C-alpha cells in the first residue's frame, strides 16, 4: 500500500472516531419520554435506545444538535400500550408517525403542546376517547390521520383553524 493510502485511511479513521465521540446524546427531557415509552411499550420498543445512548443509535428517531427529537417514525413497529403523557416533552417534533401499531387508551391531551407538528399519523391503532381540541394549535399541520381507531365524540371544530392542513386519510 502506498503511504498516501495509509495516510488517508488514518485520517478517515480518526475523523470517524472523533465524530463518534461527539455523537449527540438525547436531551434529558427527551430521555424521560423514551424511558416512559419503554415502560409502556416494552424495553425493546425503540431499538437502539437506552439511557445514555446517542440520537443516531435509535431506530425511527431523528434529533437536532441539542438532542431534541424532531421526527419519530415508528409505523408498523408492533408497539402495544398507551401513548405516554410525557409525549408533551417533544416540543420540537415536527413529524410523528405511530401508524398501524397496537396503541390503546386515549390520545394524551398534552399532544396539543406539540405546536411544531406538520405530520401526525395515529391511524390503525386501538385508541379510544376523543380527539383532543388542543390539536388546533398545530398551525403547521399539513397531514393528520386518526382513522381506524375506536375514537368517539365529535371532531373538534377547531380543526377548521388548521389552515396548512392538506391531507386527511380516506
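Residue numbers (this note's numbering): 89 to 258. All C-beta atoms, glycine included, are put in the ideal place defined by N, C-alpha and C. As the structure is a computational prediction, the values presented were derived from the model and not from experiment.
Three-state secondary structure assigned by DSSP to residue i
i, result
"residue 146", "coil"
"residue 157", "strand"
"residue 180", "coil"
"residue 251", "coil"
"residue 225", "helix"
"residue 200", "helix"
"residue 218", "coil"
Opening and closing residue of the beta strand (DSSP E) in which residue i lies
i, result
"residue 128", "Looking at the DSSP string, residue 128 is not in any beta strand (DSSP E); the run it does join, the alpha helix (DSSP H), is 116 to 129."
"residue 207", "207 to 209"
"residue 192", "190 to 194"
"residue 233", "231 to 233"
"residue 170", "168 to 170"
With 16 other Cβ atoms within 10 Å as the buried cut-off, status of residue i
i, result
"residue 122", "buried"
"residue 248", "exposed"
"residue 240", "exposed"
"residue 174", "buried"
"residue 245", "exposed"
"residue 209", "buried"
"residue 165", "buried"
"residue 222", "buried"
"residue 243", "exposed"
"residue 119", "buried"
Chain E within 8 Å of residue i, Cβ atoms only
i, result
"residue 243", "Chain labels in this structure do not include chain E; a single protein chain is all it has."
Closer than 7 Å: residue i CB and nearest the ligand NAD heavy atom
i, result
"residue 169", "The ligand NAD is not among the ligands present in this structure, which contains no ligands whatsoever."
Whole-Å CB distance - residue i paired with residue j, under 8 Å assumed
i, j, result
"residue 178", "residue 157", "5 Å"
"residue 225", "residue 200", "6 Å"
| Is there contact between the region 140 to 147 and the region 168 to 178, where contact requires at least three CB pairs shorter than 8 Å? | no
| said: Any contact between the region 211 to 218 and the region 175 to 184? By contact I mean 3 or more CB pairs, one from each, below 8 Å. | reply: no
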